[in-house]
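Since the structure comes first, as structure tokens, the remarks are kept for the end.
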Amino acid sequence: MSFDSVNTLQTAAALAAKAHAGQTIRNTDIPYIAHAMGVSMAVTCLFGCTDPEVAAAALLHDTLEKTRLTGAEIRETLGPRVLHLVVAMTKDDGYAKAEYWERLYDEVWEARLIKMADALDHLDCPADELPRRIKSGRRALELAYSEEIPIQTARRVLGEALASAVERATGRPTLQ
6 MSFDSVNTLQ
16 TAAALAAKAH
26 AGQTIRNTDI
36 PYIAHAMGVS
46 MAVTCLFGCT
56 DPEVAAAALL
66 HDTLEKTRLT
76 GAEIRETLGP
86 RVLHLVVAMT
96 KDDGYAKAEY
106 WERLYDEVWE
116 ARLIKMADAL
126 DHLDCPADEL
136 PRRIKSGRRA
146 LELAYSEEIP
156 IQTARRVLGE
166 ALASAVERAT
176 GRPTLQ
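Okay, so the sequence shown: first residue is 6 according to the working numbering, each after it adds one.
If you want it as structure tokens, here you go:
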């Protein structure tokens, strides 16, 4: 990994940690930054994407939606491509959920990969949240329609995780 790659990831991690300071994952005491780190780790370690800008965007994927961090700050610090990927992940309160998913479906594969990693990380949740997380995970799986190796890897990993989540939620094994 090059110095620039490490610098990009360190900068994104620091920016995400500062932006999410004091936030916790819903109904837990777990710092919210753990979710952002989980998404970035899934993108790189589980799905095999080695692009530091994609990993950086994964770290920042919820910042525009859940913090005071601005797009201008992301662009200034990490560049327009990282900003584009973060904006692609951001739900706009003015739009319906269906429009958000339609917009994501038409996005570049890297943005879709981040959403799949987000859905994967959200499957590690309390049992009462599983039905909602499974539904979102299935929607995210629909984003795996292209042939890039990280997307195909994500399809397999997320599919297996969804099957396991359904088993946890229902108590019944699923066929894959």
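Backbone N, C-alpha and C define an ideal beta-carbon position, used for all residues, glycine too.
DSSP bridge partner residues for residue i (one or two, in chain order)
{"i": "P85", "result": "For P85, which the question treats as bridged, DSSP gives no partner whatsoever."}
{"i": "T16", "result": "Paired residues: none, contrary to the question."}
{"i": "T29", "result": "P36"}
Cβ-based burial, residue i [other Cβ within 10 Å; buried from 16]
{"i": "D67", "result": "buried"}
{"i": "R177", "result": "exposed"}
{"i": "I154", "result": "exposed"}
{"i": "E58", "result": "buried"}
{"i": "L115", "result": "Strictly speaking, residue 115 in this sequence is Glu, with Leu absent from that position. Flag for E115 reads buried."}
{"i": "R117", "result": "buried"}
Inter-residue Cα distance where the pair is residue i and residue j
{"i": "E172", "j": "L135", "result": "10 angstroms"}
{"i": "L88", "j": "H40", "result": "19 angstroms"}
{"i": "G43", "j": "I119", "result": "11 angstroms"}
{"i": "R108", "j": "T29", "result": "28 angstroms"}
{"i": "R80", "j": "P36", "result": "25 angstroms"}
{"i": "A26", "j": "L14", "result": "18 angstroms"}
{"i": "H127", "j": "A166", "result": "10 angstroms"}
{"i": "T82", "j": "D97", "result": "23 angstroms"}
{"i": "I139", "j": "L125", "result": "9 angstroms"}
{"i": "M94", "j": "A18", "result": "17 angstroms"}
Residue i: CB within 6 angstroms of a non-hydrogen atom of the ligand SAH
{"i": "A17", "result": "Looking for the ligand SAH in the displayed structure turns up nothing, as the structure carries no ligands at all."}
Close Cβ partners of residue i (< 7 angstroms) along its chain, the five nearest in sequence each way excluded
{"i": "T63", "result": "In the sequence as presented, Thr is not what sits at residue 63; that position holds Ala. Excluding residues within five positions, the ones whose Cβ falls inside 7 angstroms are V44, S45, V48, I119 and A122."}
{"i": "T16", "result": "T82 and L83"}
Proximal residues to residue i (C-beta, below 8 angstroms), its chain only, five neighbours per side dropped
{"i": "G76", "result": "L69, L88, V91 and V92"}
{"i": "D56", "result": "E115"}
{"i": "D9", "result": "P57"}
Cβ-based neighbour list, residue i, same chain, cut-off 6 angstroms, excluding 5 preceding and 5 following
{"i": "A24", "result": "T68, T72 and L74"}
The stretch 97 to 104 / the stretch 119 to 132 touching (three or more Cβ pairs under 8 angstroms): Pairwise C-beta distances place the stretch 97 to 104 out of contact with the stretch 119 to 132, as fewer than three of them are shorter than 8 angstroms.
Given 8 angstroms, three or more beta-carbon pairs between the stretch 47 to 56 and the stretch 145 to 161: With three or more CB-CB distances shorter than 8 angstroms, the stretch 47 to 56 counts as touching the stretch 145 to 161.
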